[in-house]
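A.B. asks: One structure is given below, represented as structure tokens, and several questions about it will come after.
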Amino acid sequence: MEKCDYFVIGGGSGGVRSARIASQLGAKVILAEKGDLGGTCVNVGCIPKKLFSYAAGFKREFKMAANYGWLIDDKQTFNWTSFIAHKNKEISRLNNIYQKILDTANVKVLRGAAKFLSNEVISVAGKEYLAKHTLIATGGVARKLNIPNEGLSVNSDQIFYLDKLPNKILIVGGGYIATEFASIFNGFGAEVHISYRKNIYLQGFDMDIRLKIQEIMKGQGIKFRYNTNLKSLAMVDGLIKASFDDHSQDVYDKVLLAVGRDINIEGLGLANTLVKVGPNGKIIVDQNMATTDDKIFAVGDVSSPLDLTPVAIKEGMHLANRLFGDGKGKLEKINYDQVPSAVFTHPNIATVGLSEDEARARGIKIKVYRSNFVPMKIGFAGDKEECLIKMVTSAKDDKILGLHLIGDDTPEIMQGFAVAISLGATKDDLAKVVGIHPTLAEEVVTMN
Ligand code: NDP
């Protein structure tokens, strides 16, 4: 039986980073992956999603170009097939880069599904391996609704491989994926309907952000069905008929289910270990990514409170450094309260820290600052779509508790502010810095 120090199950962002660092620290590392290297993010997540988002954004840019003096022919044509082919080529390039990273780091890669036979013996493709430590980094899978004819819908993996652009699409869900794809298909010119089970989508985000992005998306023509659940699907005359629990029906040529993700542990043989899944549906880990089995660890979507690539990477690095490092430095603790994130709607949302409601719920006395205006580029193009800047500070010491933005490129803007906020910046600290004019970002340092 081949032995190793570290057996990593899953070649996505968290697994690959952890394997590489562990190997560089001198551990003998084996990594097993049954699909394409790069995991959800590279293959059916962040990367292709952002390419889709860029592609969809051009239509509006062409429209805005007129007031900037550009005469753009009304008949621009968009070729879905060539875009998808080019996207697929880019994803293959990234798969190869992941393979090279692992080869260069001297990590042995096995292509196949891994299964625990015990907490230290793992089998892959009929061979058994004995591991001192094993990492589960298997990510998640799209959640199902279990409704009649669910197979007529697509999930957030399949949406990246449609053979043509839909004319009218129903998107079920109210989270990151639903809203991003609503903007994407709206940008491409499709008629987009969102169906969400509660009364306002993007639960967990600051309420001003939710209301403003809803107003903007409605203004862009996206239709909302709130307080409804999809009950069943049926094929009628070549279209998909959707029936809802409020007894309404409509027909679409595509239906996307974006109702969250479940952890990917099927066939992993966890019953042969002491690993446990918690009430939140994730593998239980402590702050050092240790599971309830002392030989097994978990990082990323399978166990983390946040399903975000950079979080999985941080967790993977933290764990490898802890297990195989010399204990000096590099062992970063992750502050899950201050993870910045973005929703790539059009326009983008970017957020870090506490929302106004969360801060109040924690009993903190706060001050709230808001600014909304039509950005110069948009106003000059004849549009009225506003951006939004909202800051939540502690009334006691002026410390910034949360920053929430809507506007083009706000994720780029947020990254820098997130550094300052994680270092404990106050609103006054920002005000001491001279703004860069004319930008949206300068408003963050000048607002009062
Ligand atoms: P989210 O958790 O963001 O949203 C899931 C949505 O589905 C929620 O609106 C939820 O409703 C709804 N839902 C859940 N179960 C049901 C059900 N049984 N019936 C009807 N509706 C249901 O998940 P996503 O699938 O959008 O994305 C998965 C994760 O991937 C995200 O949590 C995010 O962390 C990550 N991601 C990050 C991106 C980014 O960083 N830009 C982009 C895409 C994904 P309710 O609100 O009521 O719970």
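Start counting at 1 in the sequence shown, then tack on 1, and there's your number in this note's numbering. The beta-carbon is built from N, C-alpha and C at its ideal position, and this holds for glycine as well. Remember, it's a predicted structure, so these values are computed and weren't measured experimentally.
(1) How would you call E129, buried or exposed, if buried means at least 16 neighbouring beta carbons within 10 angstroms?
(2) Could you tell me whether any non-hydrogen atom of the ligand NDP is closer than 6 Å to the CB of K199?
(3) Any heavy atom of the ligand NDP inside 6 Å of the beta-carbon of Y177?
(4) Nearest to D104 by CA position, among I31, Q221 and N68, is which residue?
(5) Between the Cα of F298 and those of W81, E413, I92 and E121, spot the shortest distance and give me the residue it belongs to.
(6) Is it right to say V237 is buried, meaning 16 or more other beta carbons lie within 10 angstroms of its own, or is it exposed?
(7) F84: which of L72, A57 and A67 sits nearest, CA to CA?
(8) Does DSSP put H319 in a helix, a strand or coil?
(9) Check the C-beta distance from K397 over to K433 and give it rounded, since I have them as a contact under 8 Å.
(10) Judging by CA-CA distance, which residue of M2, K165 and S24 is the nearest neighbour of G317?
(11) Can you check DSSP and say which residues form a bridge with R371?
(12) For A191 versus N168, is the C-beta distance shorter than 7 Å?
(13) Straight-line CA distance for I51 to F345?
(14) Following a CB-centred definition, is A132 positioned closer than 6 Å to any heavy atom of the ligand NDP?
(15) For a test of your reading of the model: does the CB of S342 fall under 6 Å from any non-hydrogen atom of the ligand NDP? Yes or no.
(16) Please tell me whether Y197 and Y227 are closer than 7 Å, where the distance is taken between their beta carbons.
(17) Let me know the secondary structure DSSP gives G46 once reduced to three states.
(18) Using CA atoms only, rank isn't needed, just tell me which of H347, N156, F206 and V300 is closest to G354.
(19) Leaving out the 5 sequence neighbours to the left and right, which residues in its chain are closer than 8 Å to Q250 when beta-carbon positions are compared?
(20) Do you know whose CA, among K4, A28 and F8, lies nearest F325's CA?
(21) Return the first residue and the last residue of the alpha helix (DSSP H) that Y99 is part of.
(22) Alpha carbon to alpha carbon, what distance is there between K296 and K109?
(23) For a test of your reading of the model: does the CB of A259 fall under 6 Å from any non-hydrogen atom of the ligand NDP? Yes or no.
(24) When you compare each of I284, P341, L275 and F63 to L309 by their alpha carbons, which one comes out closest?
(25) Taking all protein chains shown into account, decide if E181 is buried (16 or more other Cβ within 10 angstroms of its Cβ) or exposed.
(26) In three-state terms, what does DSSP make of K428?
(27) Just how far apart, CA to CA, sit A106 and K277?
(28) Tell me, which residues are paired with L355 by DSSP?
C.D. replies: Concretely, from the data shown:
(1) Numbered from its first residue, the sequence shown carries residue 129 at position 128. Looking at its Cβ environment, which holds fewer than 16 other Cβ atoms inside 10 Å, E129 is exposed.
(2) Residue 199 sits at position 198 when you count from the first residue of the sequence shown. Yes; taking the cut-off as 6 Å, the Cβ of K199 has a heavy atom of the ligand NDP nearer than that.
(3) Working through the sequence shown from its first residue, we reach residue 177 at position 176. Yes, the beta carbon of Y177 sits closer than 6 Å to at least one heavy atom of the ligand NDP.
(4) Counting from 1 along the sequence shown, the entry for residue 104 is found at position 103. Ranking I31, Q221 and N68 by Cα distance to D104 puts I31 first.
(5) Locating residue 298 in the sequence shown gives position 297, counting from the first residue. The shortest Cα separation from F298 among W81, E413, I92 and E121 belongs to E121.
(6) As a working mapping, residue 237 is identified with position 236 in the sequence shown. Label assigned to V237: exposed.
(7) The residue given as residue 84 occupies position 83 in the sequence shown. Looking at the Cα atoms, A57 is the closest of the given residues.
(8) Here residue 319 refers to the residue found at position 318 when the sequence shown is read from its first residue. If DSSP states are grouped into helix, strand and coil, H319 belongs with the helices.
(9) Residue mapping note: residue 397 aligns to position 396 of the sequence shown, counting from 1. Residue mapping note: residue 433 aligns to position 432 of the sequence shown, counting from 1. Contact flag wrong, Cβ pair sits at about 20 Å.
(10) For the purposes of this step, residue 317 is taken as residue 316 along the sequence shown, with counting starting at 1. It is S24 whose Cα lies nearest to the Cα of G317.
(11) Stepping through the sequence shown from its first residue, residue 371 is reached at position 370. Looking at the DSSP output, R371 bridges to K391.
(12) Numbered from its first residue, the sequence shown carries residue 191 at position 190. Numbered from its first residue, the sequence shown carries residue 168 at position 167. It is a contact, given that the beta carbons lie within the stated cut-off.
(13) Indexing the sequence shown from 1 puts residue 51 at position 50. Indexing the sequence shown from 1 puts residue 345 at position 344. The sequence given here has Lys at residue 51, not Ile. The alpha-carbon separation between K51 and F345 amounts to approximately 7 Å.
(14) Here residue 132 is taken as the residue at index 131 of the sequence shown, counted from 1. Not so, every heavy atom of the ligand NDP lies at least 6 Å from the Cβ.
(15) Start at 1 with the first residue of the sequence shown, and residue 342 comes out as number 341. Checking every heavy atom of the ligand NDP against the Cβ of S342, one is found closer than 6 Å.
(16) Residue mapping note: residue 197 aligns to position 196 of the sequence shown, counting from 1. Residue mapping note: residue 227 aligns to position 226 of the sequence shown, counting from 1. Yes. Within cutoff.
(17) Translated into the one-based positions of the sequence shown, residue 46 becomes position 45. G46: coil per DSSP, three-state reduction.
(18) Position 353 of the sequence shown holds residue 354. Taking only the C-alpha atoms, the option nearest G354 is F206.
(19) By 1-based counting over the sequence shown, the position of residue 250 is 249. The residues are K242, A243 and S244.
(20) Indexing the sequence shown from 1 puts residue 325 at position 324. Among K4, A28 and F8, the Cα nearest to that of F325 is on A28.
(21) As a first step, residue 99 is located in the sequence shown; it is residue number 98 there, counting from the start. In the DSSP annotation of this structure, the continuous segment of the alpha helix (DSSP H) that includes Y99 starts and ends at W81 to T105.
(22) Position 108 of the sequence shown holds residue 109. Position 295 of the sequence shown holds residue 296. As the crow flies, the alpha-carbon of K109 is around 20 Å from that of K296.
(23) Residue mapping note: residue 259 aligns to position 258 of the sequence shown, counting from 1. A259 Cβ: within cutoff of the ligand NDP.
(24) On the sequence shown, residue 309 is found 308 positions in, with the first residue counted as 1. Nearest option by C-alpha distance: P341.
(25) The residue labelled residue 181 in the question sits at position 180 within the sequence shown. Counting Cβ neighbours within 10 Å, E181 comes out buried, since at least 16 surround it.
(26) For this step, residue 428 is matched to residue 427 along the sequence shown. It is helical.
(27) Locating residue 106 in the sequence shown gives position 105, where the first residue counts as 1. Locating residue 277 in the sequence shown gives position 276, where the first residue counts as 1. Taking C-alpha positions only, A106 is separated from K277 by approximately 31 Å.
(28) One-based indexing of the sequence shown puts residue 355 at position 354. L355 is not bridged to any residue.
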